[in-house]
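Enquirer: Per my numbering, the sequence shown starts with residue 2, numbered consecutively. Every residue gets a Cβ at the ideal spot worked out from N, C-alpha and C, and that includes glycine. Owing to the predicted nature of the structure, the values given are computational and were not obtained by experimental measurement. Got a structure for you, written out below as structure tokens; questions coming shortly.
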Amino acid sequence: MKSAADTVTSANKRAATRKAGTASPNASENHSHAGDALITVERTMRIIEMLADSRDGLSVTEISRRLD
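Written out as structure tokens, the structure reads:
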């Protein structure tokens, strides 16, 4: 399972590639990347909300368990 940091880094790399003009011009592939980015943002927000609601913090294992 990827960590949130890995997922965000991966999304940032894809965004940098698109900005550099090296991304595939295929519209459906670009749509897929946008969908991946949205999923990443939603997942990141869920993690932030879980951490905000937790008085004592959460381990990575507990975060993973709650995301499933």
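(1) Start and end of the alpha helix (DSSP H) containing R67?
(2) If M51 sits next to L59, beta carbons under 8 Å apart, how far is it from one beta carbon to the other, in whole angstroms?
(3) So, with DSSP's three-state summary, where would you put G58?
Expert: Looking at the atomic coordinates:
(1) Translated into the one-based positions of the sequence shown, residue 67 becomes position 66. Its alpha helix (DSSP H) spans residues V61 to L68.
(2) On the sequence shown, residue 51 is found 50 positions in, with the first residue counted as 1. On the sequence shown, residue 59 is found 58 positions in, with the first residue counted as 1. About 6 Å; that satisfies the 8 Å criterion.
(3) Counted from its first residue, the sequence shown places residue 58 at position 57. Reduced to three states, the DSSP call for G58 is coil.
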